[in-house]
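2 protein chains.
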Amino acid sequence: MIGMSDVKGTPLFATAAFRLGTVGTVVADRFAGRIAEHDLKPKHVGLLAALTTAPVASQLDLARLMGVAPSLLVRLADHLEDLGAVERVRDPGDRRRQALRLTDRGHDLLATCAEISRSLDRELLAGLSGAERAALRTGLGAVAGNLDLPFD
Amino acid sequence: MIGMSDVKGTPLFATAAFRLGTVGTVVADRFAGRIAEHDLKPKHVGLLAALTTAPVASQLDLARLMGVAPSLLVRLADHLEDLGAVERVRDPGDRRRQALRLTDRGHDLLATCAEISRSLDRELLAGLSGAERAALRTGLGAVAGNLDLPFD
DNA sequence: CGTAAATCGTTCATATCGTGAATGATTTAC
DNA sequence: GTAAATCATTCACGATATGAACGATTTACG
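These protein sequence lines map, in sequence, to chains A and B.
Quick note, this note's numbering runs 23 ahead of the 1-based positions in the first sequence.
Quick note, this note's numbering runs 23 ahead of the 1-based positions in the second sequence.
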């Protein structure tokens, strides 16, 4: 009976890949709508968040971490600098490198985004038990690990 | 002691919103990479998939279902028509309406995408027990429901 | 040493994607 | 039977991400 299960295979709608892709996209869009009033886009928040795990990092390292082109990271950093959320500091040991540093305002903005995320969670997770929420969270964490995403 | 829990709140990285947004985005990107050789983008697959639940539907209905502008749906349908995956058929009862119908080739393409999704699942879910996978799937289904996404 | 190659940040041109406004054909309301 | 609404479509536009080119700096190595 080897291979008896999955003869037809999981239907497309039921795959984790399909559900993650569709649900993730609309969640990201909704998140984008809420942070727009703070002049932020999801990638800006991703950059701010990356700076909390790697307090100071070169722009190129950050670009690789986020999986975006270096030229894009420049513009993200420019915008965050305009907002006063990050500062560029030349690495004295290697003057090519621009390290990004979170300012107090950057921390504040990040705290605001965290509150928005929690508020979004209340809507997304409505009707789920505590155990179900925990299972979803750890499941997402495991998938993130398989994708080499830098989560805690 | 009202409000004692969540004094600091769930950290941003641990929120479902943040994890869904980030993980979902990279999963969607990876999926996009795999279907590219078939001349498809995620939205094309979404349209094909929508046609399996509503076998024939007007383009405007489909646009609303997918949450995209009607003008975009025209271009998605154009491309799928070029690929021979869908046919436009005028509704005889209301000749303004163009109904989209999946062709055999469309069904084939969708089956290919389903196989790609299952293959992606094997990577995303590596290391998760059967129970964990099931919990993740139902959790995603529940979130999809809270977002009014049309899943089974 | 000193020159060649690599690295980092930046700018720029370009491709792509999604939207909203305008248009034409058809249908519905009154 | 005329006016308003609906559907599909085209078009111009904004926004986003990329890769190529460039200047400044650093590293490798004859």
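C-beta atoms are modelled at their ideal positions from N, C-alpha and C, and glycine is treated no differently.
By how many angstroms is the C-alpha of residue j removed from the C-alpha of residue i?
i, j, result
"B:LEU83", "B:LEU96", "8 Å"
"A:GLU104", "A:GLU110", "6 Å"
"A:PRO173", "B:ASP171", "30 Å"
"A:ALA92", "A:ARG98", "10 Å"
"A:ALA73", "A:LEU85", "7 Å"
"B:ALA18", "A:GLY90", "With chain B represented from 24 up to 175, any question about residue 18 of chain B goes unanswered, as that position is not in the structure."
"A:ARG57", "B:ALA40", "12 Å"
"A:ASP131", "B:ALA154", "39 Å"
"B:VAL112", "B:LEU71", "16 Å"
"B:THR33", "A:ALA134", "11 Å"
"B:GLY150", "B:GLU138", "20 Å"
"A:ASP62", "B:ARG87", "28 Å"
"B:ARG118", "B:SER94", "19 Å"
"B:HIS67", "A:GLY44", "13 Å"
"B:GLU237", "A:ALA100", "This structure cannot speak to residue 237 of chain B, because chain B is shown only from 24 to 175."
"A:HIS102", "A:CYS136", "16 Å"
"B:THR152", "A:VAL46", "Here residue 152 of chain B is Ser; the residue named in the question, Thr, does not match the sequence. When rounded, the distance between both Cα atoms is 22 Å."
What residues in its chain sit with their C-beta under 6 Å from that of residue i, if we drop five residues either side in the sequence?
i, result
"B:THR48", "none"
"A:ARG128", "GLY107, ALA108"
Which same chain residues end up closer than 7 Å to residue i when comparing Cβ atoms and leaving out the 5 residues on each side of it in sequence?
i, result
"A:PRO115", "none"
"B:THR76", "PRO173"
"A:GLY69", "MET89"
"B:THR38", "none"
"B:SER28", "Residue confidence for B:SER28 is low, a pLDDT of 45 falling below 50, so the modelled location carries little weight and cannot support an answer."
"A:THR126", "GLY107, ALA108, VAL109, GLU110"
"A:GLY26", "Reliability fails at A:GLY26, whose pLDDT of 45 lies under 50, so the model's placement of it is uncertain and the value that follows must be treated cautiously. Closer than 7 Å at Cβ, skipping near neighbours: no residue."
Between which two residues does the alpha helix (DSSP H) holding residue i run?
i, result
"B:ALA149", "From DSSP, B:ALA149 is part of no alpha helix (DSSP H); its letter is neither H nor E."
"B:ARG156", "153-169"
For residue i, which residues in the same chain have their Cβ closer than 8 Å to its Cβ, ignoring the five residues on either side in sequence?
i, result
"A:ARG42", "PHE36"
"B:PRO65", "ALA51, PHE54, ALA55, ILE58"
If you follow the beta strand (DSSP E) that residue i is part of, which residue opens it and which one closes it?
i, result
"B:ARG124", "121-125"
*Determine, using beta-carbon pairs with one atom in the segment 159-171 of chain B and one in the segment 157-171 of chain A, whether at least three such pairs fall under 8 Å.*
yes
*Per the contact definition of three or more C-beta pairs closer than 8 Å, is the segment 117-133 of chain B in contact with the segment 61-81 of chain B?*
yes
*Any beta strand (DSSP E) of 3 or more consecutive residues that is wholly inside the segment 24-111 of chain B*: 79-81
*So, do the segment 124-142 of chain B and the segment 144-151 of chain A have three or more beta carbon pairs nearer to each other than 8 Å?*
no
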